[in-house]
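Comments concern the structure below.
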Amino acid sequence: MPKLWELGERHLLQLIMKKFSWPQDVVLPPGDDASGLWFNGLLITSVDMLVWSTDVPPGMNHYQAGWKAVVSAISDVASKGGQSRYILLSLALNPHTELEQFEQLLEGAEKASHEYGAKVIGGDLNEADTTCISVTVLGCAKNVMSRAGVKPGDTLAVTGLFGKTFAGLHAVMNNVKADPGLLEAIYLPRARMREGIALASSGGVSACIDSSDGLGESLYLLAETNNVGFVVDRLPIDPLAEKYCVDNWLNRVDAVFYGGEEYELVYTVKKGWENIVENALSRVGASFIRIGRATAMQGVQLLDQGRVVEISRKGWQHFQRRR
């Protein structure tokens with residue numbers, strides 16, 4: 004199998020352009036200096052970068068890395084209530100990368116884009132010591148949600164349960180046999196785009212954020228933005244994660260709040276709007292999962308089996324190791 008350095012940039016660009024179908028509403032042709040498109044309505048944009056040396060867990064292949072990079076960026080658009088439409092995919096690759104790995108990466112990015120209704124319309128290609136994937140998503144929205152707007156008394160809710168990435172990563176790092184559902188959570192994550200659109204259209208959501216940095220960090224970010232605190236009175240742990248924690252003597256609270264890269268949406272609901280939001284979610288086959296409430300007091304607390312547990316801030320930050 005040839006290496007990338009044996010093929011050169013122009014050949015690789017041709018492979019990229021053949022891989023991704025070209026949308027009819029893109030004005031400029033493939034391979035031009037820029038992309039041009041007609042766009043109506045509110046534009047939602049997000050950029051996310053995956054760096055192999057810091058963001059890729061053991062055992063992840065190039066297909067999964069391409070998938071994850073796209074899903075990570077789409078999740079941010081989803082948290083604002085946006086529908087992803089177009090993607091700019093930029094790659095920095097080691098010249099000794101095998102062509103098959105390059106093609107797998109493109110396949111993963113293409114499949115994830117298609118899964119969420121988006122088309123790749125451009126990007127950049129460069130070389131580096133380690134693989135870097137930068138994804139820019141352009142989306143549209145009729146209604147938009149921000150991190151701001153939470154008031155004390157608002158209901159705190161999430162789109163799914165937590166802990167699978169914590170358990171899955173522990174399994175691959177320690178060579179422990181794990182349920183396939185835990186491994187899929189880290190290798191092929193899912194974005195909550197239909198849920199985000201439904202939440203935004205309901206009119207009852209006061210704020211929303213995705214949980215890519217961990218549920219605990221997401222709650223602290225919402226708290227900081229709105230000068231509130233949160234009390235979590237239901238631990239939203241996935242049954243697979245809970246079983247893994249019990250079997251391997253792991254702290255289930257840590258699994259829920261400090262897993263990260265789960266891409267669930269964390270949102271607050273205005274007083275009296277819970278039924279409306281629940282109905283909006285049910286129309287897209289999703290569940291309304293209440294886990295607590297916003298308070299006037301600062302900090303994040305968990306009410307767990309009669310105990311009050313202070314949730315410390317240990318979410319992921321680049322350039323600072325707080326996990």
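FYI, our numbering numbers position 121 of the sequence shown as 124, with every residue one higher than the one before it.
Just so you know, even glycine gets a beta-carbon here, dropped at the ideal spot from N, CA and C.
In this text the structure is predicted, and so the values were computed from the model without any measurement.
Thinking C-alpha only, which one of the options is nearest residue i?
i      : options                           : result
Thr298 : Lys154, Val287 and Ala194         : Lys154
Gly217 : Gln308, Leu164, Val208 and Asp307 : Leu164
Gly199 : Phe291, Lys6, Lys71 and Pro98     : Phe291
Tyr89  : Trp55, Ile212, Trp70 and Gly126   : Gly126
Trp70  : Val59, Asp213, Leu108 and Leu224  : Leu108
Val123 : His99, Leu91, Glu245 and Trp252   : Leu91
Thr228 : Lys180, Trp55 and Gln301          : Gln301
Gly184 : Glu245, Tyr261, His99 and Tyr270  : Glu245
Val234 : Ser87, Lys180, Ile314 and Val179  : Ile314
Leu186 : Ser93, Ser87, Pro61 and Asn278    : Pro61
Just the Cα atoms here: how many angstroms apart are residue i and residue j?
i      : j      : result
Val50  : Thr133 : 19 Å
Lys274 : Ala170 : 35 Å
Gly232 : Leu225 : 8 Å
Ser149 : Thr168 : 25 Å
Tyr247 : Asp257 : 13 Å
Glu265 : Asn282 : 24 Å
Lys83  : Glu9   : 43 Å
Glu118 : Pro192 : 12 Å
Asn251 : Gly262 : 16 Å
Val230 : Tyr223 : This sequence places Asn at residue 230; Val is not what is there. Distance between the alpha carbons of Asn230 and Tyr223: 10 Å.
Pro98  : Trp55  : 14 Å
Ala188 : Asn43  : 35 Å
Arg13  : Ser24  : 18 Å
Ser87  : Asn178 : 36 Å
Tyr270 : Asn278 : 15 Å
Val249 : Ala72  : 31 Å
Ser93  : Ala174 : 31 Å
Lys180 : Lys114 : 28 Å
Please check the pair residue i and residue j, which I expect to be a contact at CB under 8 Å, by giving their CB distance rounded to whole angstroms.
i      : j      : result
Ala210 : Gly152 : 5 Å
Ser78  : Ser215 : 6 Å
Arg296 : Gly219 : At roughly 17 Å, the Cβ-Cβ gap does not stay under 8 Å, so Arg296 and Gly219 are not in contact.
Glu103 : Met4   : 5 Å
Ser137 : Met52  : 5 Å
Pro239 : Val259 : 6 Å
Thr158 : Val272 : 4 Å
Ala81  : Met196 : 4 Å
Asp213 : Leu268 : 6 Å
Ile294 : Ala160 : 6 Å
Gly309 : Arg255 : Gly309 to Arg255, Cβ: 16 Å. No contact.
Ser205 : Val280 : 5 Å
Thr139 : Ala76  : 7 Å
Ala194 : Val59  : Ala194 to Val59, Cβ: 18 Å. No contact.
Leu253 : Val147 : The Cβ separation is near 38 Å, so there is no contact.
To which residues of the same chain is residue i closer than 6 Å at the C-beta, ignoring the five residues directly before and after it?
i      : result
Ala95  : Asn129, Ala131 and Cys135
Gly85  : Ile47, Gly142 and Ala144
Met63  : Tyr190
Asp236 : Gly295 and Leu306
Leu284 : Ala201 and Phe291
Ala289 : Glu198
Asp182 : Leu243
CB-CB under 7 Å to residue i, same chain, minus the five flanking residues each way: which ones, in chain order?
i      : result
Trp276 : Gly207
Val311 : Gln304
Glu101 : Met4 and Lys6
Gly11  : none
Could you tell me which residues DSSP pairs with residue i in its beta bridges?
i      : result
Ala283 : In the DSSP output, where bridge partners are listed per residue, Ala283 has none listed.
Gln104 : According to DSSP, Gln104 bridges with nothing at all.
Tyr270 : Ala160 and Cys211
Cys143 : Leu46 and Gln86
Val303 : Phe233
Glu313 : Gln304
Ile136 : Leu53 and Leu94
Val123 : Ile90
Ile292 : Val161
Lys6   : Glu101
Ile240 : Phe165
Beta-carbon within less than 8 Å of residue i's beta-carbon, same chain only, minus the 5 sequence neighbours each way: which residues are those?
i      : result
Phe105 : Leu7, Leu15, Leu18, His65 and Leu96
Glu110 : Lys22, Tyr66 and Gly69
Establish whether the CB of residue i and some CB of chain D are separated by less than 9 Å.
i      : result
Val235 : Of the protein chains in the structure, only one exists, and it is not chain D.
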